[in-house]
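One structure is given here, and the rest of the page talks about it.
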Amino acid sequence: MRGLYQRLKSFIVLIKHYDRYIIAPSYYMEYEHKSSVRIFLEQLYFILRYRDFEPYYFTYGFDRKNMSIREICFSYIVPYYLFQKKVNRLNTINPVYGIFHGRSITADKFYFSIFLNSFGIPTPKVLCFVKGRNIIYMDSKFVNIEGVTDREKLKIFFSMDMDAFAKPSDGQLGNGVFSLQVKNKQIYKNGHIVTLDELLEVILSADYLIQERVYQHPAMSALCSSTLNSIRLQTVMTKEGKVIPFGAGLRIGREGSSVDNWAKGGTFVGIDMQKGRLLENGFLKPQYGTITKRHLDSGVVFKDYEIPFFREAVDLALELHTKMYRCHSVGWDIAITEKGPVFIEGNGLWEISLLQAVHGGLKSFEKYFIV
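If you want my numbering, it's the position in the sequence shown, counting the first as 1, plus 1.
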């Protein structure tokens, strides 16, 4: 009965969003394409077989006429939502450690920073952490005053010069993230002047982490100068305790934006895991476009663009995941500076969609995600 309900629910969503999942623009215009009837029948097949349709049907290029349903199911991890449930379950109820898992370390950016610092792994310096309108941590170089309220301490804190980023400690998809600069007591939020009271209203509205700005390598800045363009790397731990990488891409933002996320208009470009160079195509979220071979603002061509310190970033991620042995899989966000990789975030609930878009089917890795 539950399976029937899920299938019916998926079918209703598919019909409701027909323009998004049946007749959406193709990412591969140079190919012959399937008819809308065939696409509908294949999505219906996914629902009958897996209880859900494939929301990234067009991003993966399944609408190409030469992509048979047999090849799709043989080569790709489908459907998206079913696999995401596996990722979440294995990182929440680890088969080795039972109810004790490491997701809380990656889910909370403050905890994650503490963990990385304990092992000497490069990560942005935390200047302040506010939780529940209370200061949990504040760098002593800014303020160390007894006998005043936390709000007063924050007023003193935000009166001192800084170049930082503010982000919700448990946020995702770049939501709530903004650049924060204070110069001569003038406060700039994403480059716009705001009052101290306006800033405090935002900071005290959620659990906010203030981190020192990371300055990226010139080669990364050349792609887009206004965002910290980060590597997204996935690693998984086998039952034997071995950590393996299974795909990486580069997230590149748009000029004028403060985040590089795909959901905010950024471009995702695959990285050749052996060469550490970008692949040919950059992928945009449907409402922003489809495929581009060069950055829409800087004009930099993606193909064979070298990512500095890529091998070092991968090796450090493997080392770090080994230390985070309670995590089954992790999606790492890694910045590249002139001195090497800096780990921005670890994600216990990461997405397979963009990796399969840039690298093709990753079905061979599904064996590591048997629930």
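Heads up, the beta-carbon is just placed ideally off N, CA and C, and yes, glycines get one too.
When the Cα atoms are used, Gln288 and Trp263 turn out to be separated by approximately 11 Å. The Cβ neighbour count for Ile253, taken over all protein chains shown within 10 Å, is at least 16; the residue is labelled buried. DSSP, read as helix, strand or coil, puts Gln235 in strand. By DSSP's assignment, Lys184 forms a beta bridge with Gln187. Just so you know, the alpha carbons of Glu320 and Gly250 end up roughly 19 Å apart. Here the C-alpha atom of Val301 lies approximately 14 Å from the C-alpha atom of Ile292. Of the candidates Leu363, Ser105, Leu155, Ser105 places its Cα closest to the Cα of Tyr326. By the 16-neighbour rule on beta-carbons within 10 angstroms, Gly347 is buried. If you compare the alpha carbons of Glu43, Leu45, Asp164, Tyr51 with that of Ile188, the shortest gap goes to Asp164. For Gly177, the closest of Pro169, Glu33, Val183 by C-alpha to C-alpha distance is Pro169.
As DSSP reads the structure, Val343 sits in a beta bridge with Ala336. DSSP, reduced to helix, strand and coil, places Pro56 outside both helices and strands of the structure shown, so it counts as coil. Residue pairing of Glu202 in beta bridges, as defined by DSSP: absent, with no partner found.
With a 10 Å radius around the Cβ and a threshold of 16 neighbouring Cβ atoms, Thr239 comes out exposed. Closest in C-alpha terms to Asp198, from the list Lys156, Asn230, Leu181, Met221, comes Lys156. The DSSP-derived three-state label of His329 is coil. Boundaries for Arg252: no alpha helix (DSSP H) harbours it, while the beta strand (DSSP E) harbouring it runs 244–253, taken from the DSSP string. Taking one beta carbon from each stretch, the stretch 76–85 and the stretch 49–62 have 3 or more pairs nearer than 8 Å; the two touch. In the three-state reduction of the DSSP assignment, Asp20 falls in the helix class. Here Lys364 carries a helix assignment [DSSP, helix/strand/coil]. Buried is the label assigned to Glu43, since at least 16 other Cβ atoms lie within 10 Å of its Cβ.
Within the same chain, Cβ atoms closer than 7 Å to the Cβ of Ala223 are found at Ser299, Val301, the five residues on either side in sequence being excluded. Asn230 counts as buried, since at least 16 other C-beta atoms from the protein chains shown sit within 10 angstroms of its C-beta.
Around the beta carbon of Gln357, 16 or more other beta carbons sit within 10 angstroms, so the residue counts as buried. Here Asn282 is buried, its C-beta having at least 16 other C-beta atoms within 10 Å.
Sixteen is the threshold: since fewer than 16 other Cβ atoms of the shown chains lie within 10 Å of the Cβ of Asn67, the residue is exposed. If one requires a minimum length of 4 residues, no alpha helix (DSSP H) run lies completely within the stretch 262–320. Taking C-beta separations shorter than 8 Å and ignoring five residues to either side along the sequence, the partners of Tyr46 in its chain run Ile70, following chain order. At least 8 Å separates the beta-carbon of Ile137 from that of Ala167. Judged by beta-carbon spacing, Phe75 lies beyond the 8 Å limit of Ala25, meaning their Cβ atoms are not closer than that value.
Residues Lys126, Val127, Leu128, Cys129 of the same chain have their beta carbon placed closer than 8 Å to that of Asp140, with the five preceding and five following residues left out of the count. By the C-beta density criterion, Ile345 is buried, having at least 16 other C-beta atoms within 10 angstroms. It is roughly 33 Å from the alpha-carbon of Leu234 to the alpha-carbon of Phe41. Sorting Leu181, Asn135, Asp162, Met161 by C-alpha distance to the C-alpha of Val149 places Asn135 at the top.
Between Ser259 and Asn191, the beta carbon gap of about 5 Å places them in contact (Cβ cut-off 8 Å).
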